[in-house]
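J.: Numbering (our numbering), first residue to last: 1 to 249.
#1: Would you mind listing the alpha helix (DSSP H) stretches within the stretch 178-232 that are 4+ residues and don't spill past its ends, in chain order?
#2: Measuring alpha carbon to alpha carbon, tell me which of 63, 12, 24 ends up nearest residue 38.
#3: Which class does residue 78 belong to by DSSP, given the choice of helix, strand or coil?
#4: Start and end of the alpha helix (DSSP H) containing residue 40?
#5: Round the Cβ separation of residue 157 and residue 169 to the nearest angstrom and send it over; I've been treating them as touching at under 8 Å.
#6: From this set, 237, 51, 78, which residue's C-alpha is nearest residue 18's C-alpha?
#7: Taking all protein chains shown into account, do 16 or more other C-beta atoms lie within 10 angstroms of the C-beta of residue 49, making it buried, or fewer, making it exposed?
#8: Whether or not the stretch 69-78 and the stretch 114-122 are in contact is what I'm after, with contact meaning three or more pairs of Cβ atoms, one per stretch, closer than 8 Å; do they touch?
#9: Assign residue 57 to one of three DSSP states: helix, strand, or coil.
#10: Hey, how far is the Cα of residue 188 from the Cα of residue 123?
#11: So for residue 138, helix, strand or coil by DSSP?
#12: Is DSSP giving residue 108 helix, strand or coil here?
#13: Express the C-alpha separation of residue 240 and residue 26 in angstroms, rounding to a whole number.
#14: Using a Cβ-Cβ cutoff of less than 8 Å, which residues in the same chain neighbour residue 127 once the five nearest sequence positions on both sides are dropped?
#15: Helix, strand or coil: which one does DSSP assign to residue 171?
#16: Within its chain, find whatever has a CB closer than 8 Å to the CB of residue 250; leave out the 5 residues flanking it on each side and keep chain order.
#17: If the criterion is Cβ atoms closer than 7 Å, does the pair residue 215 and residue 230 meet it?
#18: Report the option in 24, 28, 43, 33 whose CA atom is closest to the CA atom of residue 315.
Okay, structure coming up:
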């Protein structure tokens, strides 16, 4: 019976992602973000449960990636689509016929660029499913971390309400550049340390503890604006620490 517990938790991740999709499509991005955060929590919990119960399985690995595809693949793509649509890009109307056709829709075609994130996430998850070498660190930005980055943008708009930040976030060129950078980081051949502790001792876990403490301080002081800063710090710290090994998404 206990072997089904981690898979059940993974399905809760998938359910959270499905609900987040509904709210993201309805442009209720704050509620979508809540269910994404809940799904990412379940994503962490299922792996922990599998290790504690010693019931890791191949079906669990596959199910985990399928759930992540929704929560950390489809949802951030829809959110970026909505942000690009809010930016109201008009440069796509290159001739009268095309302009008249697209004018009947409720979105700008440039918004579809946001789904590059979904495609890049799918490719990363597919690579993981056939990669047998990942042991103690990530290769490329994990899909949940990338999702937190994208989902932080509408939360910054809602809770920081700063004209400068709003102008940057709702600039279509910024959003397109971030989408392409996101797709690159997801599949980049760079090693990033994992927050997986083999022991709770400080020695051997210095980078992890310092990163967690720094992240906590940033969240207290910068709130949702801290998320992009933490992701940047995560990548830079990993590159500087040159951590060896690999880990699953």
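Every residue gets a Cβ at the ideal spot worked out from N, C-alpha and C, and that includes glycine.
Quantities reported herein were computed from a predicted structural model and do not represent experimental measurements.
T.: On the basis of the coordinates in this document:
#1: 206-222
#2: In the chain shown, residue 38 corresponds to position 38, counting from 1. The shortest C-alpha separation from residue 38 is found at 12.
#3: Along the chain shown, one-based indexing puts residue 78 at 78. In the structure shown, residue 78 sits in a helix (DSSP, three-state: H, G or I).
#4: Position 40 of the chain shown, counted from the first residue, corresponds to residue 40. Counting along the chain, the alpha helix (DSSP H) containing residue 40 begins and ends at 29-53.
#5: Translated into the one-based positions of the chain shown, residue 157 becomes position 157. Translated into the one-based positions of the chain shown, residue 169 becomes position 169. Yes, they are in contact, since the Cβ atoms of residue 157 and residue 169 sit about 6 Å apart, within 8 Å.
#6: Stepping through the chain shown from its first residue, residue 18 is reached at position 18. Comparing Cα positions, the closest option is 78.
#7: What you label residue 49 is simply residue 49 of the chain shown in a count that begins at 1. Buried, since its Cβ has 16 or more Cβ neighbours within 10 Å.
#8: yes
#9: Numbered from 1 along the chain shown, position 57 holds the residue referred to as residue 57. DSSP places residue 57 in coil when its eight states are reduced to three.
#10: As a position in the chain shown, residue 188 is number 188, starting the count at 1. As a position in the chain shown, residue 123 is number 123, starting the count at 1. Approximately 11 Å between the Cα atoms of the pair.
#11: Here residue 138 corresponds to residue number 138 of the chain shown, with the count starting at 1. Three-state DSSP puts residue 138 in a strand.
#12: Residue numbering aside, residue 108 sits at position 108 when the chain shown is read from its first letter. Three-state DSSP puts residue 108 in coil, outside helix and strand.
#13: In the chain shown, counting from the first residue as 1, residue 26 sits at position 26. In the chain shown, counting from the first residue as 1, residue 240 sits at position 240. Cα to Cα, the separation comes out at about 41 Å.
#14: Taking the first residue of the chain shown as position 1, residue 127 is located at position 127. Within the same chain, residue 127 has close Cβ partners 187.
#15: As a first step, residue 171 is located in the chain shown; it is residue number 171 there, counting from the start. Note: residue 171 maps to coil in three-state DSSP.
#16: The structure shown does not extend to residue 250, since the chain is modelled only from 1 to 249, so the question has no answer here.
#17: Looking up residue 215 in the chain shown gives position 215. Looking up residue 230 in the chain shown gives position 230. Yes, the pair counts as a contact, with Cβ atoms nearer than the cut-off.
#18: The shown model of the chain, from 1 to 249, leaves out residue 315, and the question about it has no answer.
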